[in-house]
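Undergrad: Numbering (the working numbering), first residue to last: 1339 to 1512. Glycine included, every Cβ here is placed at the ideal spot set by N, Cα and C. Being a predicted model, the structure only gives us computed values, none of them experimental. The structure that follows is given in the form of C-alpha cells.
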Amino acid sequence: MDKMHKEILFPRDVIARRVQEIASQISDDYNGRELIVIGILKGAFIFMADLIRALSIPCKVDFVRVASYGAGSESSGKAVLTKDIETSIKGRDILIVEDIIDTGVTLTYLVNWLKERNPQSLKVCAFLDKRKRRKISFEADYVGFTIDDGFVVGYGLDFNEQARFLPEVYIIKQ
Ligand code: PRP
1339 MDKMHKEILF
1349 PRDVIARRVQ
1359 EIASQISDDY
1369 NGRELIVIGI
1379 LKGAFIFMAD
1389 LIRALSIPCK
1399 VDFVRVASYG
1409 AGSESSGKAV
1419 LTKDIETSIK
1429 GRDILIVEDI
1439 IDTGVTLTYL
1449 VNWLKERNPQ
1459 SLKVCAFLDK
1469 RKRRKISFEA
1479 DYVGFTIDDG
1489 FVVGYGLDFN
1499 EQARFLPEVY
1509 IIKQ
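Given below as C-alpha cells:
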C-alpha cells in the first residue's frame, strides 16, 4: 500500500458536491415515491452510503454481489450472482448503485436478472464510468464522473482489496 504511487483524481469536496447533485436529481425524479436502492458489493458501499443520506425521498436498501470471471483483470463477459437481494422488488422503483462501470458486463447481467422480478422501474446510478472500456453497450441513468482508462482506487474502489477506505479517489501511477 505504501509503495502504491498514486495521485488524487477527485478530492473529497469535489466528490461531496457531485454526490449532492446526483442525489438532488434522483430526489426530483422520484418525488413522492419510495426507492429500493440496490448496491453492488463491495465497491459501491461508500458511494451508496453517501448518496442515500443525501436523498430527500425515503428508500430501502439491499445488496447483491456479482463475480465476473476472466483471465487476469480482463472480464471474459461472464458474470454470476454470488449474493442475491433479500427484498421483493415486484412493482417497485429500483435504483442499482455501482462504484464503476468498466466493460459493462456486471450491470448488463444484473439488470437482466432483476428485470425478471418485474419491478415497476429500474435505473442505474454509477459513481464512475469508464466509457471507453465497454465490451457491451451500456448506459447508466446517473453518472458521477466519466473517466479515461487507468486504475483508480479509494472511495470504495480497491486494488487487491487495499485502499477502499480512502475518502478521495486516486489514480495509480506506474
Ligand atoms: C468491479 C466494480 C464493478 C465491476 C465493473 O467489481 O465494482 O462491479 O467491477 O466491471 P465491468 O463493467 O467490467 O463488469 P469487482 O469485481 O472488482 O468487485 P468489488 O466491487 O468487490 O471490488
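(1) Out of Asp1440, Asp1400 and Ile1439, which one is the CA nearest neighbour of Ile1432?
(2) Are Tyr1493 and Ile1384 closer than 8 Å when you measure CB to CB?
(3) Are the stretch 1420-1438 and the stretch 1350-1357 in contact at 8 Å, needing three or more beta carbon pairs?
(4) Going by DSSP in three states, Leu1393 sits in which element: helix, strand or coil?
(5) Note down the Cα distance separating Asp1479 from Lys1468, rounded to an integer number of angstroms.
(6) Output the distance between the C-alpha atoms of Leu1373 and Ile1510, rounded to the nearest integer angstrom.
(7) Does DSSP put Asp1400 in a helix, in a strand, or in coil?
TA: On the basis of the supplied data:
(1) Looking at the Cα atoms, Asp1400 is the closest of the given residues.
(2) Their beta carbons are under 8 Å apart, which means Tyr1493 touches Ile1384 by this criterion.
(3) The stretch 1420-1438 makes no contact with the stretch 1350-1357: fewer than 3 CB pairs, one atom from each, lie closer than 8 Å.
(4) Coil.
(5) Rounded to the nearest angstrom, the two C-alpha atoms are 14 Å apart.
(6) The straight-line gap from Cα to Cα measures roughly 35 Å.
(7) In the structure shown, Asp1400 sits in a strand (DSSP, three-state: E or B).
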